[in-house]
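Here the structure comes first, spelled out in structure tokens, and everything after it is commentary.
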Amino acid sequence: MIISIASGKGGTGKTLVATSLALALNELEHVQLLDCDVEEPNDHLFLEPEIIGSRAVSIQVPSVDETGCTYCGECARVCAYNAIAVLGNRVLPFPQLCHGCGACSYLCPEKVITEESREIGVVEWGHSGIIGFVHGHLTVGEAMAPPIIRQVKSYAINHGVDIIDVPPGTSCPVVEAVKGSDFCLLVTEPTSFGLNDLALAVQTVSQLGIPCGIVLNRAGVGGNEVEQYLMEKNIPILLTIPLDIEIARLYSRGIPLVTGMPQWRASFLQLFDKVTDIVHERNSSPER
Ligand code: SF4
Ligand code: SF4
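Mapping the sequence shown onto my numbering, position 153 (from 1) lands on 133, and the numbers just tick up by one.
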């Protein structure tokens, strides 16, 4: 089963949930944690994995031989990402914007565009005890997270549980990380900001056709607008974590919640049971 852990914005407790769920489950299931928050991966700070391998991630970007170029502008016209421009007698590729789709080289009438590899980051893998661990790092200054996320997800196991820590927000990297999940846990907090970003995250996962449930973190910090919204949308709250100074202290010291407060292990196992029930019920529904 693939469970993604997402949130409409950063700082809601995604890492806390991903790492504690992995640690709570590892006695029952074959668990792997895939940290797809490649701009700022931090699950390793909590799980302290032993890294045993790494691989550079590259994309193919255009290289133009202007000696045969007629400056027709076709490459710039076909690029959906404004990653190549033709200005007078100059062709200017912008490699940081390039998605590596290959359209410009394919459609150049003079065939003067070739492709060259551009390294944008790295994927590392290893284990933390018996928990499998994979994460990606996007090189600082690069913008193309999805190719690295795809590489991290390519290590998903076909048995047991893969937990995907999704980048914050609702943009392309989030879609890339969440798609293909059996279930998405949305971590939020009961504030007006939390509600605004939660509603965007709910829209994103529902457009992907992925069932979701909520982990309400820092409960007690705000009002009840998030609960009201969830009731209207018929989205279940599967776990509530209170605003608690001791939980915040553990987090700030890089100690997973279920390690620092083992009484939480049972709550995370119940969370997993609820997710499993929803997924099984949905998979056995005749409407599927
Ligand atoms: S499509 Fe090819 S020939 Fe036309 S401007 Fe671009 S590189 Fe030059
Ligand atoms: S490979 Fe695709 S994204 Fe990159 S410059 Fe060419 S058309 Fe644009």
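All C-beta atoms, glycine included, are put in the ideal place defined by N, C-alpha and C.
Asked	Found
Expected contact under 8 Å - CB spacing of D145 and T(-5) to nearest Å	7 Å
Own chain residues within Cβ distance below 7 Å of E54, not counting five before or after	L87, C88, P89
Distance between R245 and E7 (C-alpha atoms, nearest Å)	11 Å
Element boundaries [beta strand (DSSP E), containing F113]	111 to 118
Presumed contact (8 Å Cβ cut-off) between P73 and V44, rounded CB distance	6 Å
Proximity test, Y209 beta-carbon vs ligand 2 heavy atom, cut-off 7 Å	no
Distance cut-off 7 Å: P191 Cβ against heavy atoms of ligand 2	no
Option nearest V255 by Cα separation, candidates E226, I111, V195, E96	V195
Rounded C-alpha distance that separates D257 from A83	44 Å
Pairwise C-alpha distance: R35 and K213	42 Å
Sufficient close CB pairs (3 or more, under 8 Å) joining the region 183 to 199 to the region -17 to -5	yes
Bridge partners - L245, DSSP secondary structure assignment	Residue identity differs from the one stated: residue 245 is Arg in this sequence, not Leu. R245 pairs with nothing; no bridge assigned.
heavy atom of ligand 2 below 7 Å from G82 C-beta	yes
Closest residue to V132 among A157, S232, G203, H10 (Cα-Cα distance)	A157
F26 - partner residues in DSSP beta bridges	The partner list for F26 (beta bridge, DSSP) is empty, contrary to what the question assumes.
Collapsed DSSP secondary structure at T150 in the structure displayed	coil
Continuous beta strand (DSSP E) assignments of at least 3 residues falling wholly in the region -15 to 24	11 to 15
Any non-hydrogen atom of ligand 1 within 7 Å of G121 CB	no
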